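*Asks:* For what it's worth, this note's numbering labels the leading residue of the sequence shown as 1006, then goes sequentially. Where is the CB? At the ideal position from N, CA and C, for every residue including glycine. Predicted model, so just to flag it, every value in this text is computed and none were measured. First the structure, which I've put down as structure tokens, then a few questions once you've had a look.
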Amino acid sequence: MAERLTDLLHHTVDGVPVPHPDAFAIAAAGRARRTRRRVGTVALAAAVVAVVGVGVAVVAGLDDGPARSSQVATQDPAGKAYAELGAFSVGEHVSVGDSTVELSPAPHHLAQTSVGVVTQQHGGDGAPFRLVRPDGEVSPLSIPADAWSVSGDPHHPRVAWLVPLQNEGWVHVWDVVGDQELASLRVELPGDTPEGGKSGLREVQLDGDFVHVGTDARTVHRVDWRTGEDQELPFSPVDVHDGVATSFDDDGRWTLVDAATGEVVRDLGRRIETVKLSPDGEHVLVVRFDDNGSRASIEPTTGGTAVELPGFTGLSSWTVGGRVVGQLDREPATLRRCDVDGACTDATVSWIDDANPIVLPADYLMVG
């Protein structure tokens, strides 16, 4: 297989099946937990705060469990392997930690939670969403089929998604262990849909008690899904973990932001392919463009010495335990995992072939 991964990705993405959301078919779900940390301490003078008086449905008594640190699936060998090795798929093969299952049709998205990954498949029979646990157990989920894409919380057994309607959207939060909805929340989204009225294809970001919903005005609704409190802030979220957000503006500039206040913590600049936050918000994977192609590094969120990661591309992600995992650009059959200090291990992926040339990491949304 002589082609580089970056070339293979361009050839592959056009064939990825993307379901089209029936936006008016559903409207109900939500609730979230509070992030335990902020990057900086700043005033909320620029924030617009409003309590949602209608359009909030919370299921009382659900998901009031222990703190997030005790919920991450690391207490048993399978959970520890998941935290260290992460999750990915190649065609119909889905690996979670050191367990592998086969799902048909092949999933096109994997969302990491504290108890395993939620897979999404389009077409075929059965549930389009399934929970794959680190021990290899597969459970169908009753998440509505027209939920276009779900975002997971790596610290809790929950996912969330957005249903965009005209001038509003409904955010849904789902307990993947109990397979039930925790809450539904209405947010104001002027226009037919987000993203300039052109597409309903938008993820939300779930971080503890808060769901983050971006608007086409480059602002974000930061909604406490337990109470319905809606705080509108001046940034456009891409990732949100432990109160830290990555944001991308119309000028192509990436920044790191305090998700609770909108305060810019750090300017990462332009000419960047990918920015991915670690689950604890302490580090960020940055893949920059230079004259020789992609250049990946791990950097502390607040700044400091960058650790170079040779061979990585934007088709990379984090494990729930805080390691970067990705397919190597010039060696597509090799999967590399690296700690934040740059110590790496390589593994051969035996399922890579001409029909399935791409390793799809968890939390990577591939859209054709």
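Check for me: the beta strand (DSSP E) holding residue 1169 runs from which residue to which?
*Replies:* The residue given as residue 1169 occupies position 164 in the sequence shown. Residues 1163-1170.
*Asks:* By Cβ distance, which residues of its chain are closer than 8 Å to residue 1346, with the 5 residues on each side in sequence left out?
*Replies:* Taking the sequence shown and counting its residues from 1, the one referred to as residue 1346 is at position 341. Result list for residue 1346: 1312, in chain order.
*Asks:* Give me the Cα-Cα distance between residue 1374 and residue 1178, rounded to the nearest whole angstrom.
*Replies:* No information on residue 1374 is available, as it lies outside the stretch 1006 to 1373 that the chain covers here.
*Asks:* So, is residue 1289 buried or exposed, given that buried needs 16 or more other C-beta atoms within 10 angstroms?
*Replies:* Here residue 1289 refers to the residue found at position 284 of the sequence shown. Buried.
*Asks:* Step through the CB atoms of chain C and report whether any lies within less than 8 Å of the CB of residue 1310.
*Replies:* Of the protein chains in the structure, only one exists, and it is not chain C.
*Asks:* CB residue 1112 to CB residue 1120, shorter than 8 Å?
*Replies:* Here residue 1112 refers to the residue found at position 107 when the sequence shown is read from its first residue. Here residue 1120 refers to the residue found at position 115 when the sequence shown is read from its first residue. No. Outside cutoff.
*Asks:* In angstroms with no decimal places, state the Cα-to-Cα distance between residue 1341 and residue 1142.
*Replies:* For the purposes of this step, residue 1341 is taken as residue 336 along the sequence shown, with counting starting at 1. For the purposes of this step, residue 1142 is taken as residue 137 along the sequence shown, with counting starting at 1. Taking the straight line from one Cα to the other gives about 25 Å.
*Asks:* Distance check for residue 1297 and residue 1156, CA to CA, integer angstroms please.
*Replies:* Translated into positions along the sequence shown, residue 1156 becomes position 151. Translated into positions along the sequence shown, residue 1297 becomes position 292. Cα-Cα distance, rounded: 33 Å.
*Asks:* Could you give the residue range of the alpha helix (DSSP H) that holds residue 1084?
*Replies:* Position 79 of the sequence shown holds residue 1084. Unbroken alpha helix (DSSP H) run through residue 1084: 1082-1090.
*Asks:* Have a look at 1315, 1184, 1369 and 1244 and flag the residue whose alpha-carbon is nearest the alpha-carbon of residue 1145.
*Replies:* Numbered from its first residue, the sequence shown carries residue 1145 at position 140. When the alpha-carbon of residue 1145 is set against those of 1315, 1184, 1369 and 1244, the nearest one is in 1184.
*Asks:* Closer than 8 Å by C-beta to residue 1271: which residues in its own chain qualify, once you throw out the five before and the five after it? Chain order, please.
*Replies:* Within the sequence shown, the letter at position 266 stands for residue 1271. Cβ within range, chain order: 1260, 1261, 1306, 1307 and 1308.
*Asks:* For residue 1361, which option in 1083, 1086, 1097 and 1090 has the closest C-alpha, if you only look at C-alpha atoms?
*Replies:* By one-based count along the sequence shown, residue 1361 stands at place 356. Cα-wise, what sits closest to residue 1361 is 1097.
*Asks:* Would you call the CB atoms of residue 1251 and residue 1237 closer than 8 Å?
*Replies:* Position 246 of the sequence shown, counting from 1, holds the residue named residue 1251. Position 232 of the sequence shown, counting from 1, holds the residue named residue 1237. At the C-beta level, residue 1251 and residue 1237 stay beyond 8 Å of one another.
*Asks:* Whole angstroms is fine: what's the gap from residue 1248's alpha carbon to residue 1321's?
*Replies:* For the purposes of this step, residue 1248 is identified with residue 243 of the sequence shown, where counting begins at 1. For the purposes of this step, residue 1321 is identified with residue 316 of the sequence shown, where counting begins at 1. If you take the alpha carbons of residue 1248 and residue 1321, they lie about 22 Å apart.
*Asks:* Please find out if some non-hydrogen atom of the ligand MG comes closer than 7 Å to the beta-carbon of residue 1236.
*Replies:* Ligands in the displayed structure: none, and consequently the ligand MG is not present.
*Asks:* What do you get for residue 1231, buried or exposed, if any count of 16 or more other CB atoms within 10 angstroms of its CB means buried?
*Replies:* As a position in the sequence shown, residue 1231 is number 226, starting the count at 1. So residue 1231 counts as buried.
*Asks:* Please classify residue 1366: does DSSP put it in a helix, a strand, or coil?
*Replies:* Counting from one through the sequence shown, the residue named residue 1366 turns up at place 361. Of the three classes helix, strand and coil, the one that applies to residue 1366 here is strand, per DSSP.
*Asks:* Cutting at 7 Å between CB atoms, please list the residues of its own chain near residue 1384, excluding the five before and the five after it.
*Replies:* Since the first and last residues shown for the chain are 1006 and 1373, residue 1384 lies out of range.
*Asks:* So, at 7 Å on beta carbons, what are the nonlocal neighbours of residue 1137 in its own chain, with the 5 sequence-adjacent residues on each side left out?
*Replies:* Counted from its first residue, the sequence shown places residue 1137 at position 132. Counting only Cβ-Cβ distances below 7 Å, and skipping sequence neighbours, we find 1099, 1101, 1106, 1121, 1122, 1124 and 1143.
*Asks:* Could you tell me which residues DSSP puts in a beta bridge with residue 1113?
*Replies:* For the purposes of this step, residue 1113 is identified with residue 108 of the sequence shown, where counting begins at 1. Beta-bridge pairing links residue 1113 to no other residue.
*Asks:* Since residue 1363 and residue 1338 should fall inside the 8 Å C-beta cutoff, what is the C-beta to C-beta distance between them, to a whole number of angstroms?
*Replies:* Taking the first residue of the sequence shown as 1, we reach residue 1363 at position 358. Taking the first residue of the sequence shown as 1, we reach residue 1338 at position 333. Contact doesn't hold; Cβ gap of about 11 Å is too wide.
*Asks:* Around the C-beta of residue 1244, are 16 or more other C-beta atoms found within 10 angstroms, so that it is buried, or is it exposed?
*Replies:* Counting from one through the sequence shown, the residue named residue 1244 turns up at place 239. Classification for residue 1244: buried.
*Asks:* Residue 1147: which of 1190, 1135, 1158 and 1139 sits nearest, CA to CA?
*Replies:* In the sequence shown, residue 1147 corresponds to position 142, counting from 1. Residue 1147 has its Cα closest to that of 1135, out of 1190, 1135, 1158 and 1139.
*Asks:* In terms of residue numbering, what span does the beta strand (DSSP E) encompassing residue 1359 cover?
*Replies:* Counting from one through the sequence shown, the residue named residue 1359 turns up at place 354. That residue, residue 1359, is in no beta strand (DSSP E); it is neither H nor E in DSSP.
*Asks:* Assuming residue 1168 and residue 1216 form a contact by the criterion Cβ under 8 Å, report the distance between their Cβ atoms to the nearest whole angstrom.
*Replies:* Here the question's residue 1168 lines up with position 163 in the sequence shown. Here the question's residue 1216 lines up with position 211 in the sequence shown. Going by Cβ atoms, the distance from residue 1168 to residue 1216 rounds to 13 Å, so no, they are not a contact pair.
*Asks:* Count the other C-beta atoms from every protein chain shown that fall within 10 angstroms of the C-beta of residue 1094, then say buried if there are 16 or more, exposed otherwise.
*Replies:* Counting from one through the sequence shown, the residue named residue 1094 turns up at place 89. Residue 1094 is buried by the Cβ-count criterion.
*Asks:* Taking all protein chains shown into account, decide if residue 1220 is buried (16 or more other Cβ within 10 angstroms of its Cβ) or exposed.
*Replies:* The count along the sequence shown starts at 1 and reaches residue 1220 at position 215. Counting Cβ neighbours within 10 Å, residue 1220 comes out buried, since at least 16 surround it.
*Asks:* Would you mind working out which of 1103, 1127 and 1118 sits nearest residue 1110, comparing C-alpha positions?
*Replies:* Here residue 1110 is taken as the residue at index 105 of the sequence shown, counted from 1. With distances taken between Cα atoms, residue 1110 lies closest to 1127.
*Asks:* Which stretch, first to last residue, makes up the beta strand (DSSP E) that contains residue 1146?
*Replies:* To locate residue 1146, count along the sequence shown from 1; it is residue 141. Note, residue 1146: beta strand (DSSP E), 1143-1146.
*Asks:* Quick check on residue 1126: does DSSP put it in helix, strand or coil?
*Replies:* Taking the sequence shown and counting its residues from 1, one reaches residue 1126 at position 121. The answer is coil: DSSP assigns residue 1126 none of H, G, I, E or B.
*Asks:* Do you know how far the Cα of residue 1188 is from the Cα of residue 1166?
*Replies:* Here residue 1166 refers to the residue found at position 161 of the sequence shown. Here residue 1188 refers to the residue found at position 183 of the sequence shown. If you take the alpha carbons of residue 1166 and residue 1188, they lie about 11 Å apart.
*Asks:* Determine the contact status of residue 1118 and residue 1164, defining contact as a CB-CB distance below 8 Å.
*Replies:* Stepping through the sequence shown from its first residue, residue 1118 is reached at position 113. Stepping through the sequence shown from its first residue, residue 1164 is reached at position 159. Cβ atoms of residue 1118 and residue 1164: closer than 8 Å.
*Asks:* Ignore the nearest five residues each way along the sequence and tell me which others in residue 1351's own chain have a CB closer than 6 Å to its CB.
*Replies:* Residue numbering aside, residue 1351 sits at position 346 when the sequence shown is read from its first letter. These residues qualify, in order along the chain: 1339 and 1341.
*Asks:* State the CB to CB distance for the pair residue 1295 and residue 1318, rounded to an integer number of angstroms; the pair is presumed to be in contact (CB under 8 Å).
*Replies:* On the sequence shown, position 290 is the one that residue 1295 refers to. On the sequence shown, position 313 is the one that residue 1318 refers to. Actually they are not in contact, since the Cβ atoms of residue 1295 and residue 1318 sit about 13 Å apart, beyond 8 Å.
*Asks:* With a 10 Å radius around its C-beta and 16 neighbouring C-beta atoms as the bar for buried, classify residue 1171 as buried or exposed.
*Replies:* Start at 1 with the first residue of the sequence shown, and residue 1171 comes out as number 166. Result: exposed.
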